[in-house]
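Asker:
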Amino acid sequence: MKKLLLLLFSILFLSSPSVFAKDISDFEIEGMSIGDSLLDYFSEEEINNASETPYPSSDKYKQISFKA
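Quick note: the sequence shown uses the numbering used here, first residue 18, plus one each step.
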(Lines of atoms letter the chains of each structure in order from A; the text may use other names.)
(Lines give C-alpha, C1' and ligand atoms only; values in the text may rest on other atoms or scores of the structure.)
Protein backbone atom coordinates (compact mmCIF):
# COMPACT_ATOMS: atom_id res chain seq x y z
CA MET A 18 0.00 0.00 0.00
CA LYS A 19 2.84 2.40 0.87
CA LYS A 20 4.57 1.67 -2.43
CA LEU A 21 1.37 2.39 -4.33
CA LEU A 22 0.88 5.71 -2.55
CA LEU A 23 4.50 6.65 -3.20
CA LEU A 24 4.13 5.75 -6.87
CA LEU A 25 0.92 7.77 -7.24
CA PHE A 26 2.42 10.76 -5.45
CA SER A 27 5.52 10.61 -7.66
CA ILE A 28 3.46 10.45 -10.83
CA LEU A 29 1.28 13.39 -9.77
CA PHE A 30 4.26 15.46 -8.64
CA LEU A 31 6.39 14.83 -11.73
CA SER A 32 3.52 15.39 -14.14
CA SER A 33 2.91 18.89 -12.77
CA PRO A 34 3.81 21.53 -15.38
CA SER A 35 5.41 23.79 -12.76
CA VAL A 36 8.18 21.23 -12.14
CA PHE A 37 9.71 21.53 -15.60
CA ALA A 38 10.82 24.61 -17.50
CA LYS A 39 12.25 24.94 -20.98
CA ASP A 40 14.54 27.78 -19.93
CA ILE A 41 16.01 28.87 -16.59
CA SER A 42 14.50 32.32 -17.10
CA ASP A 43 11.05 30.71 -16.79
CA PHE A 44 11.56 30.39 -13.02
CA GLU A 45 10.57 33.41 -10.94
CA ILE A 46 10.91 34.28 -7.27
CA GLU A 47 8.71 37.19 -6.18
CA GLY A 48 8.60 38.48 -9.74
CA MET A 49 12.39 38.35 -10.24
CA SER A 50 13.83 36.05 -12.87
CA ILE A 51 17.29 35.10 -14.12
CA GLY A 52 18.40 37.62 -16.72
CA ASP A 53 16.41 40.54 -15.30
CA SER A 54 18.32 43.75 -14.68
CA LEU A 55 18.83 44.63 -11.03
CA LEU A 56 18.08 48.23 -12.04
CA ASP A 57 14.46 47.16 -12.62
CA TYR A 58 14.10 46.59 -8.87
CA PHE A 59 16.65 48.91 -7.18
CA SER A 60 18.12 52.33 -7.92
CA GLU A 61 21.76 52.67 -8.98
CA GLU A 62 22.51 54.38 -5.66
CA GLU A 63 21.03 51.47 -3.68
CA ILE A 64 23.11 48.99 -5.69
CA ASN A 65 26.33 50.97 -5.19
CA ASN A 66 25.69 51.31 -1.42
CA ALA A 67 24.88 47.62 -0.91
CA SER A 68 27.31 45.60 1.19
CA GLU A 69 29.28 42.96 -0.72
CA THR A 70 30.54 39.63 0.60
CA PRO A 71 32.78 37.57 -1.74
CA TYR A 72 32.35 33.82 -1.81
CA PRO A 73 35.37 32.07 -0.21
CA SER A 74 36.27 29.87 -3.17
CA SER A 75 35.51 32.28 -6.02
CA ASP A 76 36.41 35.81 -7.04
CA LYS A 77 33.82 35.64 -9.81
CA TYR A 78 30.72 35.67 -7.58
CA LYS A 79 29.72 37.75 -4.58
CA GLN A 80 26.71 38.18 -2.36
CA ILE A 81 25.09 41.61 -2.25
CA SER A 82 22.94 42.58 0.74
CA PHE A 83 20.49 45.47 0.77
CA LYS A 84 19.34 47.22 3.93
CA ALA A 85 15.61 47.49 4.40
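Glycine included, every Cβ here is placed at the ideal spot set by N, Cα and C.
#1: With a Cβ-Cβ cutoff of 8 Å, do Ser82 and Ser68 count as a contact?
#2: First and last residue of the beta strand (DSSP E) that includes Glu62?
#3: Here's a check: name, in chain order, each residue in its chain whose Cβ is nearer than 7 Å to the Cβ of Gly52, leaving out the five neighbours to either side.
#4: DSSP beta-bridge partners for Ile46?
Answerer: So, from the data block:
#1: If you number the sequence shown from 1, residue 82 lands on position 65. If you number the sequence shown from 1, residue 68 lands on position 51. Going by beta carbons, Ser82 and Ser68 fall inside the 8 Å limit.
#2: Position 45 of the sequence shown, counting from 1, holds the residue named residue 62. Counting along the chain, Glu62 falls outside any beta strand (DSSP E), though it belongs to the alpha helix (DSSP H) covering Glu61 to Asn66.
#3: As a first step, residue 52 is located in the sequence shown; it is residue number 35 there, counting from the start. If we look at Gly52 and ignore the five residues flanking it on each side, its Cβ neighbours are Ser42.
#4: The residue given as residue 46 occupies position 29 in the sequence shown. In the DSSP output, where bridge partners are listed per residue, Ile46 has Met49.
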